[in-house]
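Note that UniProt numbering has the sequence shown beginning at 1, numbered continuously upward.
Here a beta-carbon is modelled for each residue, glycine too, at the ideal position from N, C-alpha and C.
Just so it is clear, the structure is predicted and the values come from calculations on it, not from any experiment.
To start, the structure itself, in structure tokens.
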Amino acid sequence: MGKRYFTTSATGVGGRTGTVHSNNSELTFKLSRPVSFKGEGGDGTNPEELFSLGYAACFGSAFQSVARKNKSEAKAEITVEIAMNDDDTNGGYKLSAKISGLIRGAEQAEAERLMQLAHEMCPYSKATRGNIEVELETKTEA
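Now the structure itself:
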């Protein structure tokens with residue numbers, strides 16, 4: 001393992017219908033189980049939404065880094081969808097992800113190459129590689 005730059009932690013109480021808070025800042029979230037996932041709904045968030053927020057931010061940073069390294073002017077708007085799916089193999093549930101990049105300042109081929117490089121670099125992508133299905137989608141805009 002390489003040099004450790006920082007560590008962060010969070011504490012959850014009550015599972016999917018409780019709360020979660022950062023132990024390093026003032027972030028606190030109420031959790032609600034979505035109706036589509038046998039829940040009551042409500043105005044809280046859920047673990048998958050929180051995961052998508054972190055993944056989108058991390059992937060966006062990886063994209064910026066690889067664009068700089070490749071002397072590209074491309075800018076990315078990254079959307080990460082996290083889905084909860086049945087796990088037909090082992091029972092229970094499993095996650096999948098779709099990472100969509102709206103890329104400005106690059107032709108389609110360059111945009112796809114930068115998205116792939118970002119996917120190789122992003123720590124969230126490294127953590128999920130081989131563990132969940134991840135789809136990359138790249139669109140360009142002038």
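Between residue 27 and chain D, is there a C-beta pair that is closer than 9 angstroms? The structure shown contains no chain D, having only a single protein chain.
Sort out for me which residues DSSP pairs residue 98 with in a bridge. 81 and 135
Leaving aside the five residues before and after residue 117 along the sequence, list all residues of the same chain whose C-beta is less than 6 angstroms from its C-beta, in chain order. 66
For the segment 104-123 and the segment 57-66, state whether three or more C-beta atom pairs, one from each stretch, are separated by less than 8 angstroms. yes
For the candidate residues 57, 23 and 12, whose alpha-carbon lies nearest to that of residue 32? 12
Quick check: what's the CA-CA separation for residue 140 versus residue 22? 36 angstroms
Compare the C-alpha of residue 119 against each of 93, 78 and 19 and name the closest. 78
Among 70, 133, 2 and 18, the one whose alpha carbon lies nearest that of residue 46: 18
Backbone CA spacing between residue 57 and residue 38 [nearest angstrom]: 29 angstroms
Counterpart residues of residue 29 in DSSP-defined beta bridges: 20
Range of the contiguous beta strand (DSSP E) that encloses residue 13: 10-13
Buried or exposed for residue 28, going by 16 or more other Cβ atoms inside 10 Å? exposed
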